[in-house]
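Asks:
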Amino acid sequence: MDEAQSLVADAATRIFRDLGDPQTINGIDDGSWRAPLWQALEESGLTTAWVSDELGGAGAGMGAGFAVLRVAGEFAAAVPLAETLLGGWLLEQGSIVLPGGSLSVAPTKRGDVITLNTDGTLSGSARSVSFATEVDHLVVLAGDTVALVKRTDCAIQDGTNMAGEPLNHVNFTGVTPKQTAKLQNGVNGNALTMMGAATRSMQMAGALQTVLEISVQYAEERVAFGKPIAKFQAVQHNLARLGEEAAAAIAIASSMAYSVENMDTWTDPGLYLDIASAKIRVGEAAGEGGAIGHQAFGAIGFTQEHILHRFVQRLWSWRDDFDSEAVWAVELGRRVAARGGESLWHGLTAA
Numbered sequence: 073m074d075e076a077q078s079l080v081a082d083a084a085t086r087i088f089r090d091l092g093d094p095q096t097i098n099g100i101d102d103g104s105w106r107a108p109l110w111q112a113l114e115e116s117g118l119t120t121a122w123v124s125d126e127l128g129g130a131g132a133g134m135g136a137g138f139a140v141l142r143v144a145g146e147f148a149a150a151v152p153l154a155e156t157l158l159g160g161w162l163l164e165q166g167s168i169v170l171p172g173g174s175l176s177v178a179p180t181k182r183g184d185v186i187t188l189n190t191d192g193t194l195s196g197s198a199r200s201v202s203f204a205t206e207v208d209h210l211v212v213l214a215g216d217t218v219a220l221v222k223r224t225d226c227a228i229q230d231g232t233n234m235a236g237e238p239l240n241h242v243n244f245t246g247v248t249p250k251q252t253a254k255l256q257n258g259v260n261g262n263a264l265t266m267m268g269a270a271t272r273s274m275q276m277a278g279a280l281q282t283v284l285e286i287s288v289q290y291a292e293e294r295v296a297f298g299k300p301i302a303k304f305q306a307v308q309h310n311l312a313r314l315g316e317e318a319a320a321a322i323a324i325a326s327s328m329a330y331s332v333e334n335m336d337t338w339t340d341p342g343l344y345l346d347i348a349s350a351k352i353r354v355g356e357a358a359g360e361g362g363a364i365g366h367q368a369f370g371a372i373g374f375t376q377e378h379i380l381h382r383f384v385q386r387l388w389s390w391r392d393d394f395d396s397e398a399v400w401a402v403e404l405g406r407r408v409a410a411r412g413g414e415s416l417w418h419g420l421t422a423a
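Everything in the sequence shown is counted per this note's numbering, starting at 73 for the first residue and increasing by one.
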């Protein structure tokens, strides 16, 4: 992370610490914290880091956006920040000016197809669209076209993920987009899935870092049989494993972010290897790390009053977004087998 990215991450951390502290939010039932937090994120330009100045964004660059996502994961941010960043990135690929406000993207699942008809309307639907009921606009990939759609023009079914956040089925049939444009830079459905997986991988890495920190702190403070439970070998062993999972997740997510920032083309097999490996490894760490965190806290970690559930439930939700690690592993294995062992070795060792 360079100096500019560090400054962006520090700014995001200050905003989340002041307005999005997990413990404070956990005690607020009316959602009154959302508007001030989102306003601060927008005014700071953090929601538009992946969009150039010319198109209404902050122009902070890929690395800065991933730095923001890691911080958002560290605070288990229950706002559509990642979705807005991703939507802005997709609009950028069609040179469409940002409409302002929050965004989400569709489709997010393999097999969901949305098409642009000759009369200018859309056809098709998308499953598992995050925050679709709450955002201002949806950014839709329809073949080789990106379309900007008002959320209120769509038929949206209620639904939630494990963390209780909106996860909706959206029907776009008959909807006329506000604006459409041909995609540039080789962006297609595969590129959107890869970028979405990269986004979720970085969020999960940040969340795992916090799970590690609060688990270690609790183990040092919780006393049993006359001493902190962190002194017990079994607990130390579990925390060491949690540290390994968090470190692996952060390392591979950071490497993946660097690859995306410095990519040449979305068809590069090395880029696919980096993103797929990150989604697989971080997804595995999310499962293992969440379980260890709950072991450290015991029954208290399952209660609504404790913040652990805010992180673990989001980890379990994010690992399934833009396909689970199982789906990525199958596809990565298929590609490796098709290219042969020599090609794999070159991809692993190439500078």
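Cβ atoms here follow ideal geometry from the backbone N, Cα and C, with glycine treated the same way.
Can you tell me where the beta strand (DSSP E) with residue 345 in it begins and where it stops?
Replies: Position 273 of the sequence shown, counting from 1, holds the residue named residue 345. Residue 345 -> not in any beta strand (DSSP E); alpha helix (DSSP H) instead, spanning 341–369.
Asks: Please state if the CB of residue 274 and the CB of residue 344 are separated by a distance shorter than 8 Å.
Replies: Sequence index remark: in the sequence shown, residue 344 carries index 272 (1-based). Sequence index remark: in the sequence shown, residue 274 carries index 202 (1-based). In this structure, residue 274 does not lie closer than 8 Å to residue 344 by Cβ.
Asks: Here's the rule I'm using: 16 or more other beta-carbon atoms within 10 Å means buried, otherwise exposed. How should residue 189 be labelled?
Replies: Indexing the sequence shown from 1 puts residue 189 at position 117. That one is exposed.
Asks: Given the structure, does residue 152 come close to the ligand HEM, in the sense that its CB is under 7 Å from one of the ligand's heavy atoms?
Replies: This structure simply doesn't include the ligand HEM, nor any ligand for that matter.
Asks: What span of residues does the alpha helix (DSSP H) with residue 289 cover, start to end?
Replies: Numbered from 1 along the sequence shown, position 217 holds the residue referred to as residue 289. Taken as a continuous stretch (DSSP letters only), the alpha helix (DSSP H) holding residue 289 covers 261–293.
Asks: For the putative contact between residue 320 and residue 294, defined by C-beta atoms under 8 Å, what is the C-beta separation to the nearest angstrom?
Replies: As a position in the sequence shown, residue 320 is number 248, starting the count at 1. As a position in the sequence shown, residue 294 is number 222, starting the count at 1. The pair is not a contact, with the Cβ atoms about 26 Å apart (cut-off 8 Å).
Asks: Mind checking residue 381: buried by the 16 CB within 10 Å criterion, or exposed?
Replies: Taking the first residue of the sequence shown as position 1, residue 381 is located at position 309. So residue 381 ends up on the buried side.
Asks: Tell me, which residues are paired with residue 245 by DSSP?
Replies: Counting from one through the sequence shown, the residue named residue 245 turns up at place 173. None, per the DSSP bridge assignment.
Asks: Flag this pair as touching only if the region 276–293 and the region 252–265 have three or more C-beta atom pairs under 8 Å; answer yes or no.
Replies: Output reads no: the region 252–265 does not touch the region 276–293.
Asks: Quick check on the burial criterion: 16 or more other C-beta atoms within 10 angstroms. Buried or exposed for residue 179?
Replies: Taking the sequence shown and counting its residues from 1, the one referred to as residue 179 is at position 107. Label assigned to residue 179: buried.
Asks: Within the continuous alpha helix (DSSP H) that includes residue 381, where are the two ends?
Replies: What you label residue 381 is simply residue 309 of the sequence shown in a count that begins at 1. Start and end: 380–390.
Asks: Give me the residue from 309, 181 and 98 with the minimum Cα distance to residue 149.
Replies: To locate residue 149, count along the sequence shown from 1; it is residue 77. Out of 309, 181 and 98, 98 has the C-alpha closest to the C-alpha of residue 149.
Asks: Looking at residue 212: is its Cβ nearer than 8 Å to the Cβ of residue 155?
Replies: As a working mapping, residue 212 is identified with position 140 in the sequence shown. As a working mapping, residue 155 is identified with position 83 in the sequence shown. Contact: no.
Asks: Per DSSP, what are the beta-bridge partners of residue 300 in this structure?
Replies: Indexing the sequence shown from 1 puts residue 300 at position 228. BP columns for residue 300 point to 295.
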